[in-house]
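Reading through the structure tokens given below for one structure.
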Amino acid sequence: MGTMIAEGNQKAFKSHFLARIGNRVVFVETGEVVFFSAKNKIVYLHSVDGKRYIVKHTLETLETILDPAQFFRLNRSAIVQFSSIVQIRPHLNSRLKIYVRSGYDLHELIVSRERVGSLRKWVDR
476 MGTMIAEGNQ KAFKSHFLAR IGNRVVFVET GEVVFFSAKN KIVYLHSVDG KRYIVKHTLE
536 TLETILDPAQ FFRLNRSAIV QFSSIVQIRP HLNSRLKIYV RSGYDLHELI VSRERVGSLR
596 KWVDR
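This note's numbering numbers the first residue of the sequence shown as 476 and each following residue consecutively.
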């Protein structure tokens, strides 16, 4: 008899990704994700070790397969993992700036004005 992935109404969220770096395809565990970013219709997975991989999911799809307790859509082009947030600061026009670390790099991500209220609730749960 097989093992059940989800019991009852619990949804099974994505636990790893097949990601491409150069001509290699690797597994990246969801816990290793710092954030996802989209640029020119390509979605990148930024990992804790500072690598940037290409994944074959849109940000819209990622929103449905990632655990919303762990991941938050900041704007049209970024989704962040809660545990990777280093700092949150006020930004122009009632927006917020999120800082995350990927490898040795500190990345600044902007929270759109429309999502600031939801982010505050999400962080303060």
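Don't be surprised by glycine CBs; every beta carbon is placed ideally from N, CA and C.
Quick check on DSSP: helix, strand or coil for residue i?
| i | result |
| --- | --- |
| R600 | coil |
| R570 | coil |
| S593 | helix |
| T478 | Only weak support exists for where T478 lies, its pLDDT of 44 falling under 50; the value from the coordinates is given anyway. Coil at T478, not helix or strand. |
What does DSSP give as the partner residues of residue i in its beta bridges?
| i | result |
| --- | --- |
| F492 | V503 |
| R576 | L581 |
Measuring straight from C-alpha to C-alpha, what distance separates residue i and residue j?
| i | j | result |
| --- | --- | --- |
| P565 | H582 | 15 Å |
| A521 | V508 | It is His, not Ala, that sits at residue 521 in the sequence shown. H521 and V508: Cα-Cα distance of roughly 6 Å. |
| S569 | R527 | 30 Å |
| L512 | I554 | Sequence check: residue 512 is Ser here, not Leu. Approximately 7 Å between the Cα atoms of the pair. |
| T505 | S490 | 5 Å |
| M476 | T539 | With a pLDDT of 44 at M476, under the threshold of 50, the predicted position of this residue should be treated as unreliable, and no value is reported. |
| S559 | G578 | 11 Å |
| F502 | T536 | 18 Å |
Could you tell me whether any non-hydrogen atom of the ligand SAH is closer than 7 Å to the CB of residue i?
| i | result |
| --- | --- |
| V586 | The model depicted lacks the ligand SAH and carries no ligand whatsoever. |
- request: Examine the Cβ distances between the stretch 546 to 555 and the stretch 583 to 600 and report whether three or more of them are shorter than 8 Å.
  value: yes
field: Every unbroken beta strand (DSSP E) inside the stretch 495 to 563 [3 residues or more]
entry: 499 to 504, 508 to 514, 517 to 522, 527 to 530, 546 to 550 and 553 to 556
- prompt: For the 8 Å Cβ check, are there 3 or more pairs between the stretch 529 to 538 and the stretch 486 to 503?
  reply: yes
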